[in-house]
Amino acid sequence: MANTPDSSPSGAAETQPRALGSNATARGPLESVELLSGQPRRRRDRRFRLLCIGTAAFSVLILVGLLGSILIQGLPHLTWTLTTNGPEPDPQRAGIRPAVFGTLWVCLICGLLTLPIGVATAILLEEYQPKSRIGRFLYGIIQLNITNLAGVPSVVYGLLGLTAFVSMFGLFGTAASDQDTQTSRYEIGVRYFDQFFSEGERAILIPVDSASAPMTQPVAGMTALNFYGEEIQPTVLSPGQPLPTDETLQYTLYADAEAGRITQQAWYYFSLPLGRGVLAGALTLMLVILPVVIISSQEALRAVPGSLRAGALGLGATQWQVVWNVTLPSAMPGILTGSILAMSRAIGETAPILIIAGIVYISRAPQHLMDDFTVMPLQLFNWISRPQEDFHSLAAAGIILLLGILLSFNAVAVLIRQKLHKPLS
Amino acid sequence: MSSADELTGASGKAQLDERVSTLLRGERRPLALVRARELVIYALLLLCGLFSLLVTVAIVYVLAAETVTFFRFDEVTFSNFFGSTNWNPLLGGQKSFGIWALISGTMLITVIAMAIALPLGLITAVYLSEYAPKRVRNVLKPILEVLAGVPTVVYGFFALMTITPVLQWLHSGFSVYNAASAGIAVGILCLPTVCSLAEDALQAVPRALRDGAYGLGSTRFDVSVKVVVPAALSGIISAFLLAIARAVGETMVVALAAGSLPQATIDPREQVQTMTGYMVQMATGDVSNYGTEYYSMYAVAATLFVMTMALTLIGNIVRRRFREAYE
Numbered sequence: 001m002a003n004t005p006d007s008s009p010s011g012a013a014e015t016q017p018r019a020l021g022s023n024a025t026a027r028g029p030l031e032s033v034e035l036l037s038g039q040p041r042r043r044r045d046r047r048f049r050l051l052c053i054g055t056a057a058f059s060v061l062i063l064v065g066l067l068g069s070i071l072i073q074g075l076p077h078l079t080w081t082l083t084t085n086g087p088e089p090d091p092q093r094a095g096i097r098p099a100v101f102g103t104l105w106v107c108l109i110c111g112l113l114t115l116p117i118g119v120a121t122a123i124l125l126e127e128y129q130p131k132s133r134i135g136r137f138l139y140g141i142i143q144l145n146i147t148n149l150a151g152v153p154s155v156v157y158g159l160l161g162l163t164a165f166v167s168m169f170g171l172f173g174t175a176a177s178d179q180d181t182q183t184s185r186y187e188i189g190v191r192y193f194d195q196f197f198s199e200g201e202r203a204i205l206i207p208v209d210s211a212s213a214p215m216t217q218p219v220a221g222m223t224a225l226n227f228y229g230e231e232i233q234p235t236v237l238s239p240g241q242p243l244p245t246d247e248t249l250q251y252t253l254y255a256d257a258e259a260g261r262i263t264q265q266a267w268y269y270f271s272l273p274l275g276r277g278v279l280a281g282a283l284t285l286m287l288v289i290l291p292v293v294i295i296s297s298q299e300a301l302r303a304v305p306g307s308l309r310a311g312a313l314g315l316g317a318t319q320w321q322v323v324w325n326v327t328l329p330s331a332m333p334g335i336l337t338g339s340i341l342a343m344s345r346a347i348g349e350t351a352p353i354l355i356i357a358g359i360v361y362i363s364r365a366p367q368h369l370m371d372d373f374t375v376m377p378l379q380l381f382n383w384i385s386r387p388q389e390d391f392h393s394l395a396a397a398g399i400i401l402l403l404g405i406l407l408s409f410n411a412v413a414v415l416i417r418q419k420l421h422k423p424l425s
Numbered sequence: 426m427s428s429a430d431e432l433t434g435a436s437g438k439a440q441l442d443e444r445v446s447t448l449l450r451g452e453r454r455p456l457a458l459v460r461a462r463e464l465v466i467y468a469l470l471l472l473c474g475l476f477s478l479l480v481t482v483a484i485v486y487v488l489a490a491e492t493v494t495f496f497r498f499d500e501v502t503f504s505n506f507f508g509s510t511n512w513n514p515l516l517g518g519q520k521s522f523g524i525w526a527l528i529s530g531t532m533l534i535t536v537i538a539m540a541i542a543l544p545l546g547l548i549t550a551v552y553l554s555e556y557a558p559k560r561v562r563n564v565l566k567p568i569l570e571v572l573a574g575v576p577t578v579v580y581g582f583f584a585l586m587t588i589t590p591v592l593q594w595l596h597s598g599f600s601v602y603n604a605a606s607a608g609i610a611v612g613i614l615c616l617p618t619v620c621s622l623a624e625d626a627l628q629a630v631p632r633a634l635r636d637g638a639y640g641l642g643s644t645r646f647d648v649s650v651k652v653v654v655p656a657a658l659s660g661i662i663s664a665f666l667l668a669i670a671r672a673v674g675e676t677m678v679v680a681l682a683a684g685s686l687p688q689a690t691i692d693p694r695e696q697v698q699t700m701t702g703y704m705v706q707m708a709t710g711d712v713s714n715y716g717t718e719y720y721s722m723y724a725v726a727a728t729l730f731v732m733t734m735a736l737t738l739i740g741n742i743v744r745r746r747f748r749e750a751y752e
């Protein structure tokens, strides 16, 4: 087995006495044989061990360097401003609050969508064995497909999301640009108004049916709403007439006044195609982490001993009763751990969100599922790619926050693994 | 325990009979209903399983359809796309779509990354599997897990803020954005992947092989390098291929640290643009959303997808087909 040319059978046999110790010096000629066979090999072993330790120390060093450089640069900027403010042009006052809420929304929805589908797929593959040849073939394809999906770069999922969710394959008509709202889209939970003036609370709003309706011309006797949504009767003057000086001035306008179209979206606002909103981002992230959730759930299910299933089946349980009452509860810690780790991957994922949402200025938390959004890593990317030094420090502070969230996620996963894990066999 | 005590004795037996009879009377559901429920559940599970297939189909369809649209444009030709190293999609008059400029950038980054990740990852895996005492394992494993869990945008920050200044300090020829710094960061990022996959492969080698080698007088080095690593070779190669696929598809690090000048160069001090970097540039820039450059994003993505898909497929096949079965 030992392949060095100088390890002759006699040499291999003679290593024994030397290892035993003191009388080795007494036999001169054999000593030289040993030296040839044993010493270089042991020296090589020692050297390799040193190399190994050096390599391992290197990865520790990398982690220390990574965290150290971020902490040094970021800690002075880690203030409450960071968590309370939006992304302002002044680095001293800029914060990451809208991005934190964006991450929260996207990851929550993504988790709610991914968990059922992922666990269901894992149950199908692990618990429901195929009965026919076609079934086995199908299972093989699904399994191979999942391992391959796990290797697809996340930026490709971003492009898929851009076509499949943001514009929905152009089924609802392709927009000429993002700002173009004149396309046909299906919407609920939205109201359109034509607004005359916006000077504080002095406003006249005329409800219109759709975004593409023609602009309202002021006519006498039309009904309108004021700033508070109360119905009012605006006075329409022809051009050139003098304005009244009493309080009716507030609701008086000239006939040639021009309106602006505004939209008012409820919290349940929904539209198809999804546009560059929270839901499109969450669906895209779902595609990214689905293979991860499936694979880790499969491993958790596989770890449940077969005797438990056999016992339940023997008591007359149906396949689903076995899964629901026996296998799934026992596999829960493993599934939860895997899912939490998948979620922390979703939190850190930047590229697909970048493709979906782009770099846009977002100053508030998302208000509904279709709202524009940004996520923490995307905001950090934005800051890092700016030339100013101050933004880099700000990004470092944001990274500390992000890593803190991720580490607490991992800690929860480790806790679940330790607390809930009971040996089953 | 106590309930079992209750159930012994005459009154206990009566109680038990009572319980069994209620169970038999009340809990029974019609068999047809149970069967129907099972069927519905199975159908739902199957739908979820088929969803993952649908995702693949959708990826292939979207990339193929948009790439076809891209090649329909007059300014795009096959010979230009596959035969040129000049990628210049934005300048009005002289557009050129030579994918090799982006592929060479990707390959340069990948080679640098793999020069770091493969040897270091494999040696760390051998150390963890064959040499390391338990105490060291308990420290090293979590560190690698943390390294694996750090978001890629953080590695991009590290490359730009730490690695690049160090490189510039070592040698003044490095530009602010350079391939070496991005490559090193991608290598660090792939290190945990290589390490954990390779370690899995090493751990799967049965103990008996090691014991046999030790019995013949081998040192740990002999056992690790001449017995265990060859026995686990298929798993190790598959780990390498998956790591390469990961490096090829890595996006945020190269977008931040590698620069945005597509050029075919092998000088790691220069800035390069990768396929993923180009997509990020398109997504962040204010390019018109429906012109050639927009569709070029899909053509690049299709190329990237084909490359990574081939690597992962081969990796998985190598692992399954060439695995040495010892049991």
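Residue numbers (my numbering), protein chains in the order written: chain A, 1 to 425; chain B, 426 to 752.
Here a beta-carbon is modelled for each residue, glycine too, at the ideal position from N, C-alpha and C.
Proximity test, Cβ basis, 7 Å: residue i and chain B
i: A:V155; result: yes
i: A:G348; result: yes
i: A:W383; result: no
i: A:I335; result: no
i: A:P377; result: yes
Interface partners of residue i on chain B, CB under 8 Å
i: A:N145; result: S477, L478 and T481
i: A:Y128; result: Y467 and L470
DSSP bridge partner residues for residue i (one or two, in chain order)
i: B:P567; result: In the DSSP output, where bridge partners are listed per residue, B:P567 has none listed.
i: B:W512; result: B:F522
i: A:S385; result: For A:S385, which the question treats as bridged, DSSP gives no partner whatsoever.
i: A:I206; result: A:D194
i: A:Q418; result: Bridge partners of A:Q418: none, in fact.
i: A:A224; result: A:I232
i: A:Y186; result: A:L272
i: A:G260; result: A:Q195
i: A:Q265; result: A:V190
7 Å Cβ cutoff, residue i in contact with chain A
i: B:I797; result: Lying before the first or after the last residue shown, residue 797 of chain B is absent from chain B, which here runs from 426 to 752.
i: B:N511; result: no
i: B:Y552; result: yes
i: B:G608; result: no
i: B:R444; result: no
i: B:A489; result: no
i: B:T733; result: yes
i: B:T494; result: no
i: B:L432; result: In this predicted model, B:L432 has a pLDDT of only 48, less than 50, meaning its place in the structure is not dependable enough to derive any value.
Contact list for residue i against chain A, beta-carbon separation under 7 Å
i: B:I613; result: I62
i: B:E463; result: T318, Q319 and W320
i: B:A708; result: L354, I355 and G358
CB-CB length for residue i against residue j, believed under 8 Å
i: A:V156; j: B:A726; result: 5 Å
i: B:Y580; j: B:A610; result: 5 Å
i: B:A657; j: B:L627; result: 5 Å
Reference residue i; option with closest CA among the options
i: A:L290; options: A:L61, A:G135 and A:V152; result: A:V152
i: B:M732; options: B:M532, B:V630, B:L458 and B:A604; result: B:M532
i: A:D90; options: A:L401, A:L394, A:F48 and A:S297; result: A:L394
i: A:G260; options: A:A203, A:W267, A:P273 and A:I400; result: A:A203
i: B:F730; options: B:G530, B:A670 and B:Q698; result: B:A670
i: A:A300; options: A:L287, A:T327 and A:G311; result: A:T327
i: A:D209; options: A:V219, A:A224, A:F193 and A:M222; result: A:F193
i: A:L420; options: A:L336, A:M376 and A:I356; result: A:L336
i: A:G158; options: A:I109, A:L378, A:G404 and A:A351; result: A:A351
i: A:I62; options: B:L616, B:S597 and B:L475; result: B:L616
i: A:P242; options: A:R93, A:Y254 and A:E231; result: A:Y254
i: B:F503; options: B:G523, B:W512 and B:A457; result: B:G523
i: A:L313; options: A:Y361, A:E127 and A:R417; result: A:E127
i: B:T618; options: B:L686, B:V591, B:G574 and B:R635; result: B:G574
Amino acids of chain A, ordered along the chain, whose beta-carbon sits closer than 9 Å to that of residue i
i: B:T549; result: C52, T55, A56, F58 and S59
i: B:N741; result: L144, T147, N148 and G151
Partners in chain B for residue i, counting only beta-carbon separations shorter than 7 Å
i: A:L380; result: V578
i: A:H392; result: M586
Beta-carbon neighbours of residue i, restricted to chain A and to distances below 8 Å
i: B:T589; result: Going along chain A, no residue has its Cβ under 8 Å from B:T589, so there is no contact; the nearest lies around 12 Å.
i: B:A726; result: V155, V156 and L159
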